[in-house]
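Asker:
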Amino acid sequence: MKYAMLVGPAAAPDGAARLEVPDGATLDDTAGALDLLFATRPALDRVVLVVDGTVVGISTRAHLSTVRALGVVRGAGEEDRGRQPVESTQYTVLTFRCPSCERTAWTAFYDERYRPRCEADGHGAMELR
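The C-terminal residue of the sequence shown carries number 129 in the numbering used here, and the numbering is unbroken.
1. With DSSP as the reference, please indicate the residues paired to R97 in a beta bridge.
2. How many Å lie between D29 and L36 at the Cα?
3. Roughly how many angstroms lie between the CA atoms of R18 and R103, to the nearest whole one?
4. Less than 7 Å between C-beta atoms, sequence neighbours within five positions excluded: which residues of the same chain meet that for L6?
5. Please go through the same chain and pick out, in chain order, the residues whose beta-carbon is closer than 7 Å to the beta-carbon of T95, but skip the five residues on each side of it.
6. Mapping DSSP to helix, strand and coil, what is A25?
7. Quick check: the Cα distance between D111 and A69, rounded to an integer number of angstroms?
8. So which of Y114, K2, V51 and A16 has the shortest CA-CA distance to A43?
9. Cutting at 7 Å between CB atoms, please list the residues of its own chain near G124, excluding the five before and the five after it.
10. Can you say whether G108 is buried or exposed, counting buried as having 16 or more other CB atoms within 10 angstroms of its CB?
11. With DSSP as the reference, label V47 as helix, strand or coil.
12. Could you tell me the boundaries of the alpha helix (DSSP H) in which V67 lies?
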């Protein structure tokens with residue numbers, strides 16, 4: 001599975017945020033969305049990665065940092081050190097919240113047909129915030 005390098009073997013899903021990406025998202029785009037989520041949520045330490053509705057695994061801040069340090073997944077311009085010291089405009093992370101319990105999920109795309117659903121019984125689809 002192409003997303004396997006982004007998830008760690010030992011992280012527990014309890015209390016983790018969710019990031020949903022569409023099937024066919026590139027490894028670099030998915031890693032970029034994780035980077036952005038971790039950068040904008042400093043207290044966040046682990047994320048459940050969901051691809052096309054299927055849980056792939058848990059990515060942690062430490063694991064993603066290790067993967068980046070090994071150079072396995074690279075951003076644009078990193079090979080020739082041509083990367084600009086500015087925030088990327090390529091990735092947007094959307095926040096969804098459950099109106100009943102305030103659980104939160106993030107997606108790297110928006111499609112009304114695939115809105116995140118709350119894991120609590122009977123809560124249903126989350127709302128875009």
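Even for Gly, the Cβ is constructed at its ideal location relative to N, Cα and C. Remember, it's a predicted structure, so these values are computed and weren't measured experimentally.
Answerer: Quick look at the numbers:
1. Taking the first residue of the sequence shown as position 1, residue 97 is located at position 97. As a beta-bridge residue in DSSP terms, R97 pairs with T104 and E127.
2. Numbered from its first residue, the sequence shown carries residue 29 at position 29. Numbered from its first residue, the sequence shown carries residue 36 at position 36. Computed Cα separation, rounded: 10 Å.
3. As a first step, residue 18 must be located in the sequence shown, where it is residue number 18. As a first step, residue 103 must be located in the sequence shown, where it is residue number 103. One alpha carbon belongs to R18, the other to R103, and they sit about 10 Å apart.
4. The residue labelled residue 6 in the question sits at position 6 within the sequence shown. The beta carbon of L6 sits closer than 7 Å to the beta carbons of T30, A31, L34, L49, S59, L64 and V67 from its chain, once the five residues preceding and following it are set aside; these are given in chain order.
5. Along the sequence shown, read from residue 1 onward, the residue named residue 95 stands at position 95. T104, W106 and R129, listed in sequence order.
6. Against the sequence shown, residue 25 aligns to sequence position 25. Coil, per DSSP.
7. Taking the sequence shown and counting its residues from 1, the one referred to as residue 111 is at position 111. Taking the sequence shown and counting its residues from 1, the one referred to as residue 69 is at position 69. D111 and A69 have their C-alpha atoms roughly 33 Å apart.
8. Along the sequence shown, read from residue 1 onward, the residue named residue 43 stands at position 43. Per the Cα distances, A16.
9. Taking the first residue of the sequence shown as 1, we reach residue 124 at position 124. The residues are R117 and C118.
10. Within the sequence shown, the letter at position 108 stands for residue 108. At residue 108 the sequence reads Ala, which differs from the Gly that was named. With 16 or more other Cβ atoms within 10 Å, it is buried.
11. As a working mapping, residue 47 is identified with position 47 in the sequence shown. V47: strand per DSSP, three-state reduction.
12. Taking the sequence shown and counting its residues from 1, one reaches residue 67 at position 67. Counting along the chain, the alpha helix (DSSP H) containing V67 begins and ends at R61 to L70.
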